[in-house]
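Residues in the sequence shown are numbered consecutively from 1, following UniProt numbering. One structure is given here, and the rest of the page talks about it.
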Amino acid sequence: MKPIKRWNRDDQPLRKFKNELDGMFERFFDDPFFSNNSLWNRQQGGSLACNIREKKDKYIVEAEIPGIDPSEIDVEIENNIVTIKGEKKQQIETEDNDTEMRVVEHSYGSFQRSFTLPDNVNTDKISADHKNGMLYLHIPKTKESKKRRIKINGQ
Numbered sequence: 001m002k003p004i005k006r007w008n009r010d011d012q013p014l015r016k017f018k019n020e021l022d023g024m025f026e027r028f029f030d031d032p033f034f035s036n037n038s039l040w041n042r043q044q045g046g047s048l049a050c051n052i053r054e055k056k057d058k059y060i061v062e063a064e065i066p067g068i069d070p071s072e073i074d075v076e077i078e079n080n081i082v083t084i085k086g087e088k089k090q091q092i093e094t095e096d097n098d099t100e101m102r103v104v105e106h107s108y109g110s111f112q113r114s115f116t117l118p119d120n121v122n123t124d125k126i127s128a129d130h131k132n133g134m135l136y137l138h139i140p141k142t143k144e145s146k147k148r149r150i151k152i153n154g155q
């Protein structure tokens, strides 16, 4: 006679795999950039394609601004929210009056993109520069507090 083994639902391979995936998704979305007010959320206005990189000491937001004069772009910060806004204006050629546009694929108009920053940034030291049709926001991190163990005293 075989001994009776207690059956545990978590011992099933597929159940175990599902639990691991659930845990990974929960941890993934705990990242400050994936909250409801995260860096990835688009606000009203046209879209502005952005990449966000994280380095040891800072975040870098890379925004595509081809054909836009950087002096026509406003970058503002308020309540830990950075907003990039501007307008791409259509260049109208007035020299040649007999030319008619047949296909227009370039996009024009105003755009706005807002990002809620994580708590570990120094908003007073954010800087911006541009190069080759890209706008770069450099967002330095604050020094993180060190973790320490607290001893529990008994009676």
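Glycine included, each C-beta is placed from N, C-alpha and C at the ideal position.
Problem - Buried versus exposed call for Gly-86 [16 or more other C-beta atoms within 10 Å across all chains shown] - result: buried
Practice task
Buried or exposed for Lys-56, please, with buried defined as at least 16 other CB atoms from any protein chain shown within 10 angstroms of its CB.
Solution key: exposed
Exercise for the section: Report yes if the CB atom of Leu-135 is closer than 7 Å to the CB atom of Ile-65, and no otherwise. Expected result: yes
Problem - Beta bridge counterpart(s) of Val-75 as assigned by DSSP - result: Ile-84
Exercise for the section: Leaving out five residues on either side along the sequence, give the residues of the same chain with a beta carbon under 7 Å from the beta carbon of Cys-50. Expected result: Val-61, Glu-62, Ala-63, Arg-113
Exercise for the section: Pick out whichever of Tyr-59, Val-75, Val-104, Met-24 has its Cα sitting closest to the Cα of Leu-48. Expected result: Val-75
Problem - Span of the beta strand (DSSP E) around Thr-116 - result: 109–116
Exercise for the section: To the nearest angstrom, report how far apart Asn-120 and Thr-99 are at their CA atoms. Expected result: 54 Å
Practice task
May I ask you to report which of helix, strand or coil DSSP gives Pro-66?
Solution key: coil
Exercise for the section: To the nearest angstrom, report how far apart Val-82 and Asp-124 are at their CA atoms. Expected result: 12 Å
Practice task
Tell me whether Tyr-59 is buried or exposed, calling it buried when 16 or more other Cβ atoms sit within 10 Å of its Cβ.
Solution key: buried
Practice task
Label Lys-143 either buried or exposed according to how many other C-beta atoms from any shown protein chain fall within 10 Å of its C-beta, with 16 as the threshold for buried.
Solution key: exposed
Practice task
Compute the minimum distance between the beta carbon of Arg-148 and the heavy atoms of the ligand FMN, and state whether it is under 6 Å.
Solution key: What this structure holds is no ligand at all, so the ligand FMN is not there to describe.
Exercise for the section: Tell me whether the beta-carbon of Leu-137 lies closer than 7 Å to the beta-carbon of Asn-80. Expected result: no
Exercise for the section: Report the rounded CA-to-CA distance for Ser-71 versus Lys-16, giving the unit in angstroms. Expected result: 55 Å
Practice task
Use the C-beta contact count for Asn-152: other C-beta atoms within 10 angstroms, 16 or more gives buried, fewer gives exposed.
Solution key: Note that residue 152 corresponds to Ile in the displayed sequence, not to Asn. Classification for Ile-152: exposed.
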